[in-house]
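**Student:**
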Amino acid sequence: MKNRNGFILIALLAGLLMSCNSGTTRSQKTPTLKDAFAGKFHIGTALNEWQITGRDSAGVEVIKNQFQAIVAENCMKSGPIHPRKDEYNFDLPDQFVEFGVANDKFITGHCLIWHSQAPRWFFTDDEGNDVSREVMIERMKEHIYTVVGRYKGKIKGWDVVNEAIMEDGSMRNSKFLQIVGDDFIKLAFQFAHEADPDAELYYNDYNEWFPGKRDAIVQMIRDLKADGIRIDGIGMQGHIGMDSPSLEDYEAAIVAYANEGMKVMVTELDMSILPNRSRDVGADIATSFEYQQSLNPYTEGVPVEKMNEWDERMLDFFRLFLKHSDAVTRVTMWGVSDATSWKNNFPIRGRTDYPLLFDRNYEPKSIVAKLIEEANKAENID
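If you count by mature numbering (1 follows the signal peptide of the UniProt record, and there is no 0), then the sequence shown holds residues -24 to -1, 1 to 358, one letter each, in order.
If you want it as C-alpha cells, here you go:
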C-alpha cells in the first residue's frame, strides 16, 4: 500500500510537470510584437483614459502582452493636466505612470509645450490681455518643473515641444512664438533638462518628412546644440496614408535626423486606409451624400485585397524602421484598437477607419503576424 501511494504521488508529479511544460510550449507558440522587436527598438502604443483606468480590460491585456513602450494619448497635455493657474490634475497621469512602472514599460511624457490643447489662462492676464514675455517664460518654467519633476526617474523621455514648425520651414505663429519669440523652444528644453537631467528630451512633429520642415528641424537641432542645449531625439509622428508620404521621403528624414546625432522615434503611427478629401462639393444634398459615401467606403469591413494592400504598405514602413534600427529607438502606435482611433473622426467625423494593428474586437489583424515574421527575419540576417 505504501509503495502504491508512492507510485501515485510520482505519477501526479510527473503529470504536473508535463502540464507546466505544455503550458510553456503553448506560450512559446504565441509570439508577441514586443518579443519580436526586442533588441531592435521599443514597440509601443498610446493609452486612452479607459485603458489607463482599467475599464477597457481587453485593451489593457493587449498593451501588457504586445507593447514595450507607452505614452498617454491626452491626459498629460497642458490643458488637461494644468487646467487653471493654481490647479493641476494629476489623477489620470499618476495612474498612467503607475501602470507603466508596474508593467515595466518605457514611459514617454506627451507633451510639455504645444500650441494646441493648451489652457486659455496660460497666455493671458486677469483682463484677458496677453501676458508679458517675462510672465510667459515663468509660466513655462513652473509648468515644466512641476510636471517633469513629479515623474522624475519614472518617465524616461519627454516630448518637450510639439508641432512648432510649418511644412515650409517657417515657425508656427503660436502664442508661444508671439509672446516669447523663437527662443521659447530653447527655453523649454533648458527647463526640461533642469527638471530631470536623466530624461531624454525630444522634439515631436507631423509631416516631418516635408523637405522644408525637415531642413528647419535639422537647423533647430544645430542651433540648440550650438547654444549648449540638450536635445536627444526627434519624434516623427507617422500619421500616414496609402499614398503619402513616399518611403523615399520618409527615409530621407530619418537619415537627416540621425546624421545630426539624434535618436529617431516614430511616435504616433497609424495608417488610414480611407481616401482623402480631394474636391469641393456643391450644394446638392444628394451629391454631398454620394461624396461622403465615397470617403467612407468600408463601413461593413475591408475587402481582402484592400487589406492586403494596407498590410504591405505598413510592412514596407516597418522594413524601413528595421533597416535603420541603429537610429530608430521606438515605434509607437497611436492607439490600440481601430475602434477607438482618432482617425475615425479625422479629417471627417463619423468615418470607419482601420489604421491600427488590432481590430475593433482587440484581435490581432493579419499584419501582426507579418510584422513578427519580418522582425524575426531581420534577426536572422543580423
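No residue lacks a Cβ here, since even glycine has one placed at the ideal position from N, Cα and C.
Bear in mind that the values here come from a model prediction, so they are computed numbers and not experimental data.
1) What is the rounded straight-line gap between the Cα of Asp199 and the Cα of Val304?
2) For the stretch 4 to 14 against the stretch 39 to 50, are there 3 or more C-beta pairs whose distance is under 8 Å?
3) Who pairs with Asn79 in a beta bridge, going by DSSP?
4) Three or more C-beta pairs under 8 Å: does that hold for the stretch 335 to 343 against the stretch 46 to 54?
5) Is Phe322 close to the ligand FMN? I mean its beta-carbon at under 7 Å from any heavy atom of the ligand.
6) Tell me whether Ala262 is buried or exposed, calling it buried when 16 or more other Cβ atoms sit within 10 Å of its Cβ.
7) With which residues is Ala48 paired in a DSSP beta bridge?
8) Confirm, please, whether the CB-CB distance from Asp135 to Gly85 is below 8 Å.
9) Name, in chain order, the residues that DSSP records as bridge partners for Ser313.
10) Spell out the partners DSSP gives Asn252 in its beta bridges.
11) By the DSSP assignment, the beta strand (DSSP E) with Met112 in it spans what residues?
12) Mind checking Ala345: buried by the 16 CB within 10 Å criterion, or exposed?
13) Taking only three categories from DSSP, how would you classify Pro340?
14) Where does Ala175 land, buried or exposed, given buried means 16+ other C-beta within 10 angstroms?
15) Do Asn183 and Glu143 count as a contact pair if the criterion is CB distance below 8 Å?
16) Applying the 10 Å Cβ sphere with the 16-neighbour rule, what's the burial state of Pro69?
17) If you draw a straight line from the C-alpha of Thr(-1) to the C-alpha of Ile19, how long is it?
18) Measuring CB atoms only, is the stretch 24 to 37 touching the stretch 291 to 302, in the sense that at least three cross pairs come out at less than 8 Å?
19) Quick one: using the 10 Å Cβ neighbour count with 16 as the cut-off for buried, is Glu118 buried or exposed?
20) Residues in the same chain with beta-carbon distance under 6 Å from Ala232, minus the five sequence neighbours each way, listed in chain order, please.
21) Let me confirm a value: Ser146 is counted as buried when at least 16 other C-beta atoms fall within 10 Å, else exposed. Which label applies?
22) Return the chain-ordered list of same chain residues with a C-beta closer than 6 Å to the C-beta of Arg221, the five sequence neighbours on each side being excluded.
23) Would you kindly check if the distance between the Cβ of Val242 and the Cβ of Ile210 is under 8 Å?
24) Taking the beta strand (DSSP E) that Trp134 belongs to, which residues open and close that run?
25) Excluding five sequence neighbours on each side, which residues of the same chain lie with their C-beta closer than 8 Å to the C-beta of Gly157?
26) Report yes if the CB atom of Thr328 is closer than 8 Å to the CB atom of Asn320, and no otherwise.
27) Please tell me whether residue 419 and Asp246 are closer than 8 Å, where the distance is taken between their beta carbons.
28) Would DSSP call Tyr226 helix, strand or coil?
29) Using CA atoms only, rank isn't needed, just tell me which of Ala354, Asn65, His58 is closest to Phe98.
30) From the DSSP output, which residues share a beta bridge with Glu176?
31) Could you check the C-alpha separation between Met218 and Gly311 for me, to the nearest Å?
32) Between Ile120 and Phe167, which are expected to be in contact by the criterion C-beta below 8 Å, what is the C-beta distance as a whole number of angstroms?
33) By a C-beta neighbour count over all protein chains shown, 10 Å radius and 16 as the cutoff for buried, is Glu276 buried or exposed?
**Tutor:** Well, looking at it:
1) Rounded to the nearest whole angstrom, the C-alpha separation of Asp199 and Val304 is 22 Å.
2) Touching, per the Cβ criterion.
3) Secondary-structure assignment with DSSP links Asn79 through no beta bridge to anything.
4) Too few Cβ pairs lie closer than 8 Å, so no.
5) Only the bare structure without any ligand can be found here, which leaves the ligand FMN out of the picture.
6) Here the model assigns Ala262 a pLDDT of 43, short of 50, so the residue's position is not dependable, and the following value carries that caveat. Its Cβ having fewer than 16 others within 10 Å, Ala262 is exposed.
7) In the DSSP secondary-structure assignment, Ala48 is bridged to Leu23.
8) Inclusion of Gly85 and Asp135 in the CB contact set at 8 Å is warranted, their separation being smaller than that value.
9) Partner(s): Phe334.
10) According to DSSP, which records beta bridges pairwise, Asn252 is partnered with nothing at all.
11) Met112 -> not in any beta strand (DSSP E); alpha helix (DSSP H) instead, spanning 109 to 126.
12) Taking all protein chains in view, the Cβ of Ala345 is surrounded by fewer than 16 other Cβ atoms within 10 Å, so the residue is classified as exposed.
13) Three-state DSSP puts Pro340 in a strand.
14) Looking at its Cβ environment, which holds 16 or more other Cβ atoms inside 10 Å, Ala175 is buried.
15) The Cβ-Cβ distance between Glu143 and Asn183 falls below 8 Å.
16) Buried, by the Cβ-count rule.
17) Caution is warranted here: a pLDDT of 42 is assigned to Thr(-1), below 50, making its placement in the model unreliable, and the coordinate value is therefore given only provisionally. If I take the Cα positions, the gap works out to 24 Å.
18) No, they do not touch.
19) So Glu118 counts as exposed.
20) Close CB contacts of Ala232 within its chain, under the 6 Å cut and outside five residues either way in sequence, are with Arg190, Val194 (chain order).
21) When all chains shown are included, Ser146 counts as exposed.
22) Correcting the residue type first, residue 221 is Pro in the shown sequence and not Arg. If you ignore the 5 residues before and after Pro221, its C-beta comes within less than 6 Å of the C-beta of Trp185, all in its own chain and listed in chain order.
23) It is not a contact, given that the beta carbons lie outside the stated cut-off.
24) Annotation: the continuous beta strand (DSSP E) that includes Trp134 extends over 133 to 138.
25) Excluding residues up to 5 positions away in sequence, Arg109 lie with their Cβ nearer than 8 Å to the Cβ of Gly157 in the same chain.
26) It is a contact, given that the beta carbons lie within the stated cut-off.
27) A question about residue 419 goes unanswered here, because the residues of the chain that appear run from -24 up to 358.
28) Note: Tyr226 maps to helix in three-state DSSP.
29) For Phe98, the nearest C-alpha among the options comes from His58.
30) BP columns for Glu176 point to Gly133.
31) In this structure, the straight-line span from the alpha carbon of Met218 to that of Gly311 is close to 19 Å.
32) With 8 Å as the limit, Ile120 and Phe167 qualify as a contact, their Cβ atoms being about 4 Å apart.
33) Classification of Glu276: exposed, given that the 10 Å Cβ count is below 16.
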